[in-house]
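Working notes for the structure below.
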Amino acid sequence: MTATHTTISTRNMQAADLPALAHLFNLYRQFYEQAPDLGLAQRFIAERFARHESVVLVAETPMHELVGFCQMYPSFCSVEAAPIYALYDLFVLPEARQLGVGRALLLAAEARAAADGKRRMDLTTARTNFKAQSLYESLGWVRDEVFFAYSRRVADAQNQVVTASTTR
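Following UniProt numbering, the numbering of the sequence shown begins with 1 at its first residue and continues without gaps.
Listed below in structure tokens is the structure:
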């Protein structure tokens, strides 16, 4: 991609995008310190697409080159008793950064969420991803200062339950 490709459009992912999107998803995972695995990336994206489990928006140049994507998962907020989207993945090729691609994807995601009747969108990002945080805040996203997020691998929990039940 060259710097002259500044007109970026966004749209829903199509099946024909899978190879290029898998490449972007593989790079996204590497950004978060995962080992490269293009096959895994392709299978994961293909399964989400085939099962309609997520909404993937892509950003492309006028030459139809994919330069970024975002992936949202439908969920619910029990407290608000309303549907929401969890914007779980957002990635822009390094050479396409500072061209408004991330902003375009976020605005497209917001429009899609509104069209789909979602009350809000949630996202998380690395504490050290200051550029992304600045972008989010410039678009009106508010950092959650009230709740902590916790994570636990299910396999670990299952092993603990099995161990606990066998020691009685």
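Note that beta-carbon positions come from the ideal geometry of N, C-alpha and C, so glycine has one too.
When DSSP states are grouped into helix, strand and coil, residue 12 belongs to the strand group. Contact between residue 119 and residue 96 is ruled out by a C-beta separation of about 31 Å, above the 8 Å threshold. Counting the other Cβ atoms within 10 Å of the Cβ of residue 127 gives fewer than 16, which makes it exposed.
By the Cβ neighbour-count rule, residue 70 is buried, with 16 or more other Cβ atoms within 10 Å of its own. For residue 65, the three-state secondary structure derived from DSSP is coil. By the Cβ neighbour-count rule, residue 57 is buried, with 16 or more other Cβ atoms within 10 Å of its own. Annotation for residue 25: the continuous alpha helix (DSSP H) segment containing it runs 18-31.
Secondary structure note for residue 101: its alpha helix (DSSP H) is the uninterrupted segment 101-115.
Out of 154, 35, 8 and 116, the CA that lies nearest to the CA of residue 76 is found in 116.
Counted as a single uninterrupted DSSP element, the beta strand (DSSP E) harbouring residue 91 occupies residues 82-92.
Across the structure, residue 92 and residue 53 are spaced so that their CA atoms are roughly 22 Å apart. Taking all protein chains shown into account, residue 12 has fewer than 16 neighbouring C-beta atoms within 10 Å of its C-beta and is therefore exposed. Counting the other CB atoms within 10 Å of its CB gives residue 102 a total of 16 or more, which places it among the buried residues. In its own chain, leaving out the 5 sequence neighbours on each side, no residue places its CB closer than 6 Å to the CB of residue 141.
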